[in-house]
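Under mature numbering (1 follows the signal peptide of the UniProt record, and there is no 0), read the sequence shown as residues -18 to -1, 1 to 325, first letter to last. Every residue, glycine too, gets a C-beta built ideally from N, C-alpha and C.
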Amino acid sequence: MFLKIWLLAIFFVHFGCAKPNLLPSYQISDLDQILQRHHIPTPDVKYTNAFQNFLVKYLREYPNEYEIVKRFTIFSRNLDLVERYNKEDAGKVTYELNDFSDLTEEEWKKYLMTPKPDHSEKSLKPKTLIDKKNLPNSVDWRNVNGTNHVTGIKYQGPCGSCWAFATAAAIESAVSISGGGLQSLSSQQLLDCTVVSDKCGGGEPVEALKYAQSHGITTAHNYPYYFWTTKCRETVPTVARISSWMKAESEDEMAQIVALNGPMIVCANFATNKNRFYHSGIAEDPDCGTEPTHALIVIGYGPDYWILKNTYSKVWGEKGYMRVKRDVNWCGINTEKPLLPIL
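Take a look at the structure:
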């Protein structure tokens, strides 16, 4: 799928005047006949129309009729699920079909990780915190006095590399806030070179911070992302290095650190369908559990919510971001202590 996106981008750049019908449509013209041949009862047109739109939007192709039927069936169940969630949480949170819509729940969970909580005491304690009564009502590091300190939304793809992306993102903001300019740093370098990790199977942000402390980190331009693990490249220029990191022991402390210092790395239990199909609103899922399976960064907060930056592309959530309920340990957001890189 990623190769297709890249090839289509090249196509438009080099052949922008070509006739539109030269592009693949990705729609399955004989979908109804395929379903009939495999003894699938004639579905409501809303399912077939939604599936065809999904194929086009996400450039999906399947190798054979068996896979088409399988993915259509899964997609239809997920469409029912999204409709049910929208009724249950009407007026609070909205859900929509997305890139994960033709995957089973077990398949989708392969995009997640199972990090091991760090118990080291190497993190620094906050030297200065804002008195809670003087805490700003809201903070958003995308706009602080007209300046943005958060890089654009990334896409991790089918690799459990969220821990590397979150670490790189937090360091990016730390560099920008310190006056060093805003640029994307290499999540691929952290993915490849952090020794204590399962690579695309998941890792621990604190181990990536240790790597950035001892080796530094280069730019995403120098060491781009490939959606899979490659051999660690050690001869790349270092553009940033951290000296340590700080932990938040509570959500109150996290708000104070975020307000005073910048975005923090957090881990949460993302292994629920409500998180998978989140579109907008303030998420509040009391059934999601607290075991961390996904790393993100907190880039700010509002009176009753955190603002999270995710790595599922701009078409997921609120243009790649998510708001979640604050002060309830949403999905274990404070179970594995949030981390702030220090330059």
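Residue i burial status per 10 Å Cβ neighbour count (16 or more: buried)
i	result
SER196	exposed
GLN15	exposed
ASN35	exposed
ALA146	buried
TYR208	exposed
ALA72	exposed
ASN3	Residue placement at ASN3 is flagged as unreliable, the pLDDT there being 45, under the threshold of 50; a coordinate-derived value is accordingly withheld.
GLU103	Because GLU103 sits at a pLDDT of 49, beneath the cut-off of 50, its placement in the model cannot be relied upon, and the following sentence gives the value as read from the coordinates. Flag for GLU103 reads exposed.
HIS131	buried
LYS114	exposed
ASP62	exposed
THR220	exposed
GLY142	buried
ASN80	buried
GLY128	exposed
PRO23	exposed
ALA(-10)	Annotation note: pLDDT 39 at ALA(-10) (below 50); position unreliable, coordinate value reported separately. ALA(-10) should be labelled exposed.
residue 332	There is simply no residue 332 to check, as the chain begins at -18 and stops at 325 in what is shown.
THR217	exposed
GLN18	exposed
GLY185	buried
GLU189	buried
SER155	buried
SER232	exposed
Within 8 Å, strictly: CB atoms of residue i and residue j
i	j	result
ASP286	ILE264	yes
ILE324	SER168	no
TYR205	GLN171	yes
ILE281	PRO187	no
TYR8	ARG42	yes
GLU87	ASN251	no
ILE56	ASP26	no
ALA230	PRO320	yes
LYS291	ILE279	yes
SER166	ALA202	yes
LEU322	ILE239	yes
LEU191	ILE224	yes
Backbone secondary structure at residue i - three-state DSSP
i	result
ARG69	According to the sequence shown, residue 69 is Lys rather than Arg. The answer is helix: DSSP assigns LYS69 an H, G or I state.
LYS319	coil
TRP227	strand
GLY302	coil
MET236	helix
ALA202	coil
ASN311	coil
residue 331	Look at the range of the chain in this structure, -18 to 325, and you will see that residue 331 is not part of it.
VAL188	helix
LEU325	coil
GLY163	coil
THR55	helix
TYR208	coil
VAL121	strand
VAL126	strand
ALA253	coil
TYR44	coil
GLU103	Unreliable positioning characterises GLU103 in this predicted model, as indicated by a pLDDT of 49, which lies under 50. A coordinate reading is not provided.
SER179	strand
TYR193	helix
Bounding residues of the alpha helix (DSSP H) (the contiguous stretch that carries residue i)
i	result
SER155	144 to 159
CYS175	169 to 175
LEU278	Per DSSP, LEU278 belongs to no alpha helix (DSSP H); it is in the beta strand (DSSP E), 276 to 283.
TYR29	27 to 39
ILE22	Counting along the chain, ILE22 falls outside any alpha helix (DSSP H), and DSSP gives it neither H nor E.
LYS91	87 to 91
Limits of the unbroken beta strand (DSSP E) element including residue i
i	result
VAL75	75 to 77
ALA250	246 to 250
ILE264	260 to 265
TRP288	287 to 291
The ligand ATP heavy atom lying under 7 Å from the CB of residue i
i	result
TYR77	Looking at this structure, you won't find the ligand ATP or any other ligand, since it has none at all.
Cβ of residue i within 8 Å of any chain B Cβ
i	result
GLU273	Absent from the structure is chain B; it holds one protein chain and no more.
Check whether the segment 296 to 304 and the segment 248 to 263 are in contact - that is, three or more C-beta pairs closer than 8 Å. yes
Inter-stretch contact at 8 Å, needing at least 3 Cβ pairs: the segment 136 to 155 / the segment 170 to 180: yes
For the 8 Å Cβ check, are there 3 or more pairs between the segment 271 to 281 and the segment 302 to 319? yes
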